[in-house]
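For the record, the sequence lines run as chains P and F.
Here the working numbering is used: the first residue of the first sequence is 1, the next is one more, and so on.
Here the working numbering is used: the first residue of the second sequence is 1001, the next is one more, and so on.
Where a beta carbon is used, it is the ideal one built from N, C-alpha and C, also for glycine.
Notes follow once the structure below has been shown.
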Amino acid sequence: MIDIPKQSEQTKSIRPWWVYFFRNRAATISVIAVLITLLSALIGPTLYQRLLPTGQRHVRDGIYQDYDAINGSPSATHWLGTDYLGRDTLTRLFMALRVSMTVAIVVESINIGLGCGLGLLAGYFGGWVDLLISRAADMLFAFPGLLFAILVSAVFGSTARELYGGIGRLLLVATALSLVSWPLMARLVRSETLSLKSRDFVMASRGLGASQFRIIFKHILPNVMWLIIVAATVDVASVIVNEATLSLLGLGIEEPAASLGLMIFRAVGKIESHPLQVFIPAAVITTLVIAFSFLGDGLRDALDPRSR
Amino acid sequence: MGGRQDPVRYVFLRHLYGLDQPWYQQYFTYISHLLTGNLGYSFKYPERPVWDLIATGVPVSLQLGSLALVISVLIGVPAGIFAAVWQNTWRDTSIMGFMLALYSIPSFVIIPVVWVIDLSLYRAGLPALPVAGWGTPQHMILPVLVLAAANAGFIARIMRNSMLEVMRQDFVRTARAKGLTERLVLRRHVLRNALLPLLTVLGPATAFLITGAFVVENLFAIPGIGYLSIQAIGQRDYPVIQSTTLLLAIAVVVMNLITDFGYTLADPRVRIE
């Protein structure tokens, strides 16, 4: 007997994805944590400075060295204390979050553009196009990602600094990390495209005389979109850690700019006397990594058409 | 060389390292020297061949890496088996939660935590471990454990998945139906088959160890290859950078090759295909 779905089941399955997403408590908390992070990176420094009267605002600009409070403990002026040069830790933290978020956004843009584009091409056209792209992705995939990024930054780091300064280093880190990210994205998109290509609705569209361009962008791309979003979100966690690692090793962000890895590296020698300077950035990075992982999992459960 | 350089000395040094030659000639010299095992001389320590520097670093890194690999397998495999046997109970969730934390929390966060614990032991007058350096077994404990942590989490997850995969198979049901005890089913039928996929982990695990070693060696001041590379990068010691890069690339390729061969040896199904 053919199983006809009841009315109630039908309405259940067409609920929007965010209904499923917000049922997941860990994912909901994560999305709040991520939003707070983004917001504090955007307006945190300005807001934090504006709380002081006009003449004293420079104390919290993250560059100014407060010689009265070197390695200072949390106080009314410096809410999270100061570092070894007397710079405000909370402002440095906001600056570091800005760097993390910028790198994450740049990396994911390149990752989505390159990985999704090449994955669609390889999956849809097959043949030698597929062979070329898949082998290139396999080659990069076999090599440990962070090591590759370390080597790229090592070779081009000083050139980037001489040519473009601090921004150059930032972009170099982002490029190095996205070179590492795209093969996984391409592989995921390719296999999904392969299975979509032979589905009935694509056949029907082709039968109606739709162009290849239209099939790829109107029929296949919307159906792999969920996969792209999930893969990019999960990847953000590793991008944040990798950026911090590069900066910790002295290959990424340099002073006077701030990075979570750099903050830990500068404070690690004084861990006996000033453990807070290490544990504040360490706690922030741990929270971010966990939040992005749960966010990715929650999005996958909510968006994957097979999981319902 | 700074502003007050001696022009004669400048030309001499440029010629000594072959930097006055066109790039294609430099490349040709580099490759032909490489084939005879000559990696050139360090810019920073002119009297020391790069080969010497690497030869002092490799044993240290190998020791660190292999110990960490062994420890991570010793922790990860039992943890994965335990979690799979107690699937979906509080034992499973707590142990896998802990393993997930080990896997996802970066090592430069774990290291300060370990240091503070060690420090409080020391302040309490209890026996504590050295937090930096290399040489005695006491020096090895902390870096090896930190390096093994992420890998152990990774291996535990693979092991649990692989166990659960095998436990669903028909032959396991048959074994139970024959009346074998649960212990025998697990040991003879499940475990043997579940250990196979672990071989594929060897490649990624090595990659993990190499990248992890960069952080661990630098924070614990261990004179291995990771430490040497970062020092060389900071000092723009190009011959050393080139050689360590080459070395690490070879290590990764060899490890992937060993994984492939090991898999063909251990699993007859791969050979038939």
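Through-space distance from residue j to residue i, alpha-carbon basis
i, j, result
"P:Ser205", "P:Trp226", "21 Å"
"F:Gly1153", "F:Phe1098", "8 Å"
"P:Gly119", "P:Leu52", "51 Å"
"F:Pro1127", "P:Leu249", "31 Å"
"P:Gln10", "F:Phe1082", "Low per-residue confidence applies at P:Gln10: pLDDT is 49, beneath 50, and the placement is therefore not dependable, though the value from the model is reported in the following sentence. C-alpha separation (whole angstroms): 41 Å."
"F:Leu1199", "F:Val1077", "12 Å"
"P:Leu196", "P:Ala302", "20 Å"
"F:Gly1203", "F:Phe1261", "12 Å"
"F:Val1253", "F:Ala1175", "40 Å"
"P:Val103", "P:Val180", "14 Å"
"F:Arg1192", "P:Val236", "37 Å"
"P:Glu255", "P:Ser40", "21 Å"
"F:Phe1208", "P:Gly55", "50 Å"
"P:Met95", "F:Asp1267", "52 Å"
"F:Arg1187", "P:Asn242", "40 Å"
"F:Gln1087", "F:Ala1079", "12 Å"
"P:Ile70", "P:Thr89", "11 Å"
"P:Ile229", "P:Val106", "15 Å"
Interface partners of residue i on chain P, CB under 9 Å
i, result
"F:Pro1112", "Ile264, Ala267, Val268, Ile271, Pro275, Val278, Phe279 and Ala282"
"F:Thr1236", "Here residue 1236 of chain F is Arg; the residue named in the question, Thr, does not match the sequence. Ordered by position in chain P, the residues that pass the 9 Å Cβ test against F:Arg1236 are Ser158."
"F:Leu1219", "Leu248, Phe265 and Val268"
Status (buried if at least 16 other CB within 10 Å, exposed otherwise) for residue i
i, result
"F:Asp1237", "buried"
"P:Val309", "This structure leaves residue 309 of chain P out entirely; chain P is present only between 1 and 308."
"P:Asp138", "exposed"
"F:Gln1138", "exposed"
"P:Ala283", "exposed"
"P:Ser178", "buried"
"F:Leu1016", "exposed"
"F:Ile1158", "buried"
"F:Met1167", "buried"
"F:Ala1189", "Checking the displayed sequence, the identity of residue 1189 of chain F turns out to be His instead of Ala. Buried, since its Cβ has 16 or more Cβ neighbours within 10 Å."
"P:Pro222", "exposed"
"F:Asp1020", "exposed"
"P:Gln277", "buried"
"P:Glu108", "buried"
Contact list for residue i against chain F, beta-carbon separation under 7 Å
i, result
"P:Thr286", "Ile1105 and Val1109"
"P:Val234", "Near P:Val234 there are no residues of chain F at all, since even the closest Cβ is about 11 Å away, more than 7 Å."
"P:Leu251", "Ile1233"
"P:Ala387", "What is shown of chain P runs 1 to 308, which leaves residue 387 of chain P out entirely."
"P:Phe294", "Residues of chain F passing the Cβ test: none, with the nearest at roughly 10 Å."
Contacts that residue i makes with chain P (C-beta to C-beta distance below 8 Å)
i, result
"F:Leu1119", "Ile271 and Glu272"
"F:Leu1019", "Neighbours of F:Leu1019 on chain P: none; closest Cβ ~16 Å, over 8 Å."
Partner residues on chain F for residue i, Cβ-Cβ distance less than 9 Å
i, result
"P:Val154", "Sequence inspection shows Ala at residue 154 of chain P; the Val mentioned does not correspond to that position. Those are Ser1229, Ile1230, Ala1232, Ile1233, Ile1241 and Thr1245, listed as they occur along chain F."
"P:Pro183", "Those within 9 Å of P:Pro183 in chain F number zero; the least Cβ separation is about 14 Å."
"P:Thr245", "Pro1106, Ser1107, Phe1108, Thr1211, Phe1214 and Val1215"
Under 7 Å from the C-beta of residue i: neighbouring residues of chain P
i, result
"F:Phe1261", "Those do not exist, as F:Phe1261 stays about 15 Å from chain P at its closest Cβ, beyond 7 Å."
"F:Phe964", "Outside the displayed range of chain F (1001 to 1273) lies residue 964 of chain F, so it cannot be described from this structure."
"F:Asn1161", "Chain P residues near F:Asn1161: none, gap ~16 Å exceeds 7 Å."
Partners in chain F for residue i, counting only beta-carbon separations shorter than 8 Å
i, result
"P:Gly261", "Phe1108"
"P:Ala143", "Residue identity check: residue 143 of chain P is Phe in the sequence provided, not Ala. Per Cβ cutoff of 8 Å: Ala1207, Ala1249 and Val1252."
Near the ligand GTP: residue i beta-carbon under 6 Å from a heavy atom
i, result
"F:Phe1082", "Absence of the ligand GTP is noted for the structure shown, with no ligands found whatsoever."
Segment contact, 8 Å Cβ cut-off, at least three pairs: the stretch 1057–1064 of chain F with the stretch 1213–1224 of chain F
yes
My parser needs the beta strand (DSSP E) runs of 3 or more residues fully inside the stretch 9–85 of chain P; what are they?
Correct list: empty.
I'd like to know if the stretch 1064–1083 of chain F and the stretch 1037–1047 of chain F are in contact, where contact means that at least 3 CB-CB pairs between them fall below 8 Å.
no
List, from N- to C-terminal side, the alpha helix (DSSP H) runs of 4 residues or more that fit wholly inside the stretch 73–158 of chain P.
As for any alpha helix (DSSP H) of minimum length 4 sitting wholly inside the stretch 73–158 of chain P, the runs are 89–110, 117–125 and 127–142, ordered along the chain.
If contact is defined by three or more beta carbon pairs under 8 Å, each pair taking one atom from either stretch, is the stretch 106–124 of chain P in contact with the stretch 182–201 of chain P?
yes
Just list the alpha helix (DSSP H) runs in the stretch 165–212 of chain P, keeping only unbroken ones of 4 residues or longer that don't cross its boundaries, in chain order.
200–207
Determine contact between the stretch 204–221 of chain P and the stretch 165–177 of chain P, defined as no fewer than three beta-carbon pairs at a distance below 8 Å.
no
Decide yes or no for the touch test of the stretch 1103–1119 of chain F against the stretch 1136–1150 of chain F: beta carbon pairs closer than 8 Å, at least 3 of them.
Output reads yes: the stretch 1136–1150 of chain F touches the stretch 1103–1119 of chain F.
Cβ contact (3+ pairs, closer than 8 Å) linking the stretch 71–81 of chain P and the stretch 151–159 of chain P
no
Every unbroken alpha helix (DSSP H) inside the stretch 1131–1191 of chain F [4 residues or more]
1137–1167 and 1170–1177
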